[in-house]
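Chains as they are written, first to last, in UniProt numbering: chain A, 1 to 117; chain B, 1 to 117.
Glycine is no exception: its CB is placed at the ideal position from the N, C-alpha and C atoms.
Number of protein chains: 2
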Amino acid sequence: MVKATSTGEDEREAAVAPCCPPLTAPDLPAEDARTMATMFKALGEPIRVLLFNRVAAHPDGEVCVCDLGDLGVGQPTVSHHLKKLRDAGLVLSERRGTWVYYRVAPGVLARMGAITR
Amino acid sequence: MVKATSTGEDEREAAVAPCCPPLTAPDLPAEDARTMATMFKALGEPIRVLLFNRVAAHPDGEVCVCDLGDLGVGQPTVSHHLKKLRDAGLVLSERRGTWVYYRVAPGVLARMGAITR
DNA sequence: ACTCTGCATCGACAGATGTCAATATCGACT
DNA sequence: AGTCGATATTGACATCTGTCGATGCAGAGT
Chain A
1 MVKATSTGED
11 EREAAVAPCC
21 PPLTAPDLPA
31 EDARTMATMF
41 KALGEPIRVL
51 LFNRVAAHPD
61 GEVCVCDLGD
71 LGVGQPTVSH
81 HLKKLRDAGL
91 VLSERRGTWV
101 YYRVAPGVLA
111 RMGAITR
Chain B
1 MVKATSTGED
11 EREAAVAPCC
21 PPLTAPDLPA
31 EDARTMATMF
41 KALGEPIRVL
51 LFNRVAAHPD
61 GEVCVCDLGD
71 LGVGQPTVSH
81 HLKKLRDAGL
91 VLSERRGTWV
101 YYRVAPGVLA
111 RMGAITR
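As structure tokens, this is what we get:
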């Protein structure tokens, strides 16, 4: 039932919605600029880039948080960054028993690929 | 002679360099993560997305700063954001007489397109 | 030399952000 | 119920960031 860990309900960060003409098309609307900035901002941190990479590159399409410990920061910090990625709409999380799994939100990779198209 | 307005010489922001396997490839090196985060961070602001779009989408391949005034913030703020884009290696600037022109730095669009490849 | 115009820089300030230690929460298992 | 392990949340702190007004500076034109 993939409940997307409703944690970020009080975080109005304008998640990464349907979204956006290419960055190189004329007259990008201000609203699209905000949407794109939300996505870029979420990835504007080395640790979050690494986290997203671990999630996106995993063969199973998802990663257990318990496998994300070796990034040089503490557990609360990892959790904090995962929340940022969630609030930006880049990843979804699901609790299964003791562990929590993260996956890339649908459409995100496609939208990234469309940035320069 | 495109001098790239040497203003950002004291800003060690690790510009966007050659750079990087796709975000979706396994085991992204931490250094590449830092490089990519630099790029994302620079675009993690609505006004900078708009500025970059104005530059990237312009038919002449460059834009005069004098044509970037209608973004809802003051002139010093526009200048500040342009500097961020410069320091991140996303754009180059050149003074010609009274005006300053910005263009997308070579290779930047290609690297953006390669993010999901 | 003086003035004007375009853009960059400086100084200040409020608000956002990354980090950690401490604590809470949620499941699983006795 | 009670404990334990895995994540999330809270509170505090230092640092970073966006914005503005004021100022500096370079080129053009008089």
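At a Cβ-Cβ threshold of 9 Å, Arg117(A) and Pro29(A) do not count as neighbours. In the DSSP annotation of this structure, Val104(B) is not part of any alpha helix (DSSP H); the continuous beta strand (DSSP E) holding it starts and ends at 99 to 104. The beta carbon of Ala114(A) sits closer than 7 Å to the beta carbons of Pro22 from its chain, once the five residues preceding and following it are set aside; these are given in chain order.
Within chain A, no residue has its CB atom less than 8 Å from the CB of Ala105(B), the nearest being about 14 Å off.
Listed along chain B, no residue sits closer than 9 Å to Leu82(A) by beta-carbon distance, the nearest being about 15 Å off. The beta carbon of Leu71(B) sits closer than 8 Å to those of Ile47, Leu50, Leu51, Val78, all from its chain and outside the five residues before and after it, given in chain order. Here Leu109(B) carries a helix assignment [DSSP, helix/strand/coil]. The stretch 80 to 92 of chain B and the stretch 24 to 43 of chain B touch, with no fewer than 3 CB-CB distances between them shorter than 8 Å.
Following the DSSP letters along the chain, one finds Arg54(A) inside the alpha helix (DSSP H) bounded by residues 46 to 56. Look at Arg117(A) here: in three-state DSSP terms it is coil, with no helix or strand label.
Here the alpha carbons of Val100(A) and Leu68(A) stand approximately 11 Å from one another. Spanning the alpha carbons of His81(A) and Gly97(B) requires a straight line of approximately 46 Å.
Separation of Thr35(A) and Arg111(A) (C-alpha to C-alpha, rounded to the nearest whole angstrom) is 11 Å. In this structure, the alpha-carbon of Ala57(B) lies about 17 Å from that of Ala37(A).
Going by beta carbons, Glu62(A) and Arg103(A) fall inside the 9 Å limit.
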